[in-house]
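Structure first, then comments.
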Amino acid sequence: MKIVITGGAGFIGSHITDRMQAEGHELLVVDDLSSGFRENIPASVPLVEDSFASDNALQQISVFQPDVVIHAAAQISVRKSMEDPAFDAEVNVKSILKMLNVLQSQQSIRPHLVFISTGGAMYGDTDQVPTAESAPILPESLYGLHKRFGELYFDFYYRVSGLPYTVLRLGNVYGPRQNPHGEAGVVAIFSEKLLRGEPCTIFGDGLQTRDFVYVGDVVEAVALTTAAAASGNAKIGTYNVGTGEEVTVKHLFELMKETAGSSSELVFAPGRPGEQKRSAIDASAIASAINWNPRESLPSGIKLTIEWFGERGKN
Numbered sequence: 001m002k003i004v005i006t007g008g009a010g011f012i013g014s015h016i017t018d019r020m021q022a023e024g025h026e027l028l029v030v031d032d033l034s035s036g037f038r039e040n041i042p043a044s045v046p047l048v049e050d051s052f053a054s055d056n057a058l059q060q061i062s063v064f065q066p067d068v069v070i071h072a073a074a075q076i077s078v079r080k081s082m083e084d085p086a087f088d089a090e091v092n093v094k095s096i097l098k099m100l101n102v103l104q105s106q107q108s109i110r111p112h113l114v115f116i117s118t119g120g121a122m123y124g125d126t127d128q129v130p131t132a133e134s135a136p137i138l139p140e141s142l143y144g145l146h147k148r149f150g151e152l153y154f155d156f157y158y159r160v161s162g163l164p165y166t167v168l169r170l171g172n173v174y175g176p177r178q179n180p181h182g183e184a185g186v187v188a189i190f191s192e193k194l195l196r197g198e199p200c201t202i203f204g205d206g207l208q209t210r211d212f213v214y215v216g217d218v219v220e221a222v223a224l225t226t227a228a229a230a231s232g233n234a235k236i237g238t239y240n241v242g243t244g245e246e247v248t249v250k251h252l253f254e255l256m257k258e259t260a261g262s263s264s265e266l267v268f269a270p271g272r273p274g275e276q277k278r279s280a281i282d283a284s285a286i287a288s289a290i291n292w293n294p295r296e297s298l299p300s301g302i303k304l305t306i307e308w309f310g311e312r313g314k315n
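Residue numbers (this note's numbering): 1 to 315.
Have a look at this one:
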């Protein structure tokens with residue numbers, strides 16, 4: 001198949017790129033490298049170094065005539081979405097609308113669209129944990145709200161233009177290549193600090209829970225989704241991709257500290273706006289649809305991640 005991957009040089013996107021190349025697909029990666037890195041993807045994979053919603057990128061996507069578009073590009077910071085809502089909306093809402101409008105106008109192509117969305121920030125604080133796709137959408141942040149707007153656009157263009165889509169709502173993804181700087185995930189931040197013996201900061205009381213899912217398991221969900229589309233058995237709709245297990249951030253620190261053999265201490269700081277208290281998502285729907293289940297346990301995934309950061313630190 002011919003596959004476009006937006007954000008394909010980023011953390012999750014680059015792992016998707018590796019998998020799709022290994023499966024023998026013809027690829028086109030679109031990434032402005034604002035948070036991704038060229039070295040994350042093989043030199044043999046063509047890269048359009050531009051915003052996915054730029055006229056240049058959209059023209060090259062149209063010429064490429066993809067069978068599948070995997071949309072992994074995003075503004076991913078909850079905090080930034082609250083501090084600069086207009087910027088978050090520009091990337092996570094308006095740019096998606098522009099891309100979909102161009103794709104639906106191309107009568108010669110009707111690619112299957114795979115939208116990498118969020119489960120962790122979509123449902124907000126709820127007593128329904130693990131949370132199923134049918135739960136009320138009550139995001140605690142503008143990041144989650146804007147991701148929901150994106151999902152609705154995908155569904156709208158399917159209903160009015162026939163653009164098939166699958167939304168994958170991810171838990172808190174972690175693993176190799178996650179950037180520990182800027183607005184990174186807690187696993188990446190802790191990994192680097194633990195290996196350096198530096199204090200690790202938890203915002204809040206550390207009892208907030210998250211559903212930590214290994215990046216390799218996420219890639220498997222994407223691969224199974226694209227394979228279903230290729231076989232004519234496309235799964236239209238929205239699916240959670242997570243473990244269903246609540247893990248406190250404090251427990252995560254303790255597990256990571258033990259795994260790294262670190263002497264780092266834990267420091268607490270005030271909680272931040274937009275951060276929810278509990279989060280874990282129910283992935284039984286995708287298990288039924290495409291036989292996906294997480295393979296990597298948290299201890300084994302953390303071990304792989306810390307080992308990667310350790311090797312990275314030697315280079």
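Here a beta-carbon is modelled for each residue, glycine too, at the ideal position from N, C-alpha and C.
When the five nearest sequence neighbours on each side are left out, the beta carbons in the same chain lying within less than 6 Å of the beta carbon of residue 51 are those of 32, in order along the chain. Contact holds between the region 265-283 and the region 120-133, because three or more Cβ pairs, one in each stretch, are under 8 Å apart. Separation of residue 46 and residue 301 (C-alpha to C-alpha, rounded to the nearest whole angstrom) is 30 Å.
Residue pairing for residue 237: DSSP places it in a beta bridge opposite 166.
Per DSSP, the continuous alpha helix (DSSP H) segment holding residue 146 begins and ends at 142-161. With a cut-off of 8 Å on Cβ pairs, the region 156-166 is in contact with the region 225-244, counting three or more such pairs. For residue 71, the enclosing beta strand (DSSP E) has its first and last residue at 68-71. Boundaries cannot be given for residue 293, as no alpha helix (DSSP H) includes it and DSSP labels it neither H nor E. Below 8 Å, enough C-beta pairs join the region 171-187 and the region 2-21 to call them touching: three or more. In this structure, the straight-line span from the alpha carbon of residue 105 to that of residue 137 is close to 30 Å. In the DSSP assignment, residue 172 forms a beta bridge with 212.
Per DSSP, residue 87 lies in no beta strand (DSSP E) segment; the continuous alpha helix (DSSP H) that holds it begins and ends at 85-89. Assigned with DSSP and collapsed to three states, residue 265 falls in coil, not helix or strand. Within its own chain, the residues whose Cβ lies closer than 7 Å to the Cβ of residue 157, once the five positions on either side in sequence are excluded, are 100, 104, 163, listed in chain order. Exclusion of the five residues before and after residue 145 leaves 139 as the residues of its chain whose Cβ lies within less than 6 Å of its Cβ. Taking the Cα positions, residue 37 is about 10 Å away from residue 7.
For a cut-off of 8 Å, the C-beta gap from residue 249 to residue 186 is around 6 Å, short enough to register as a contact.
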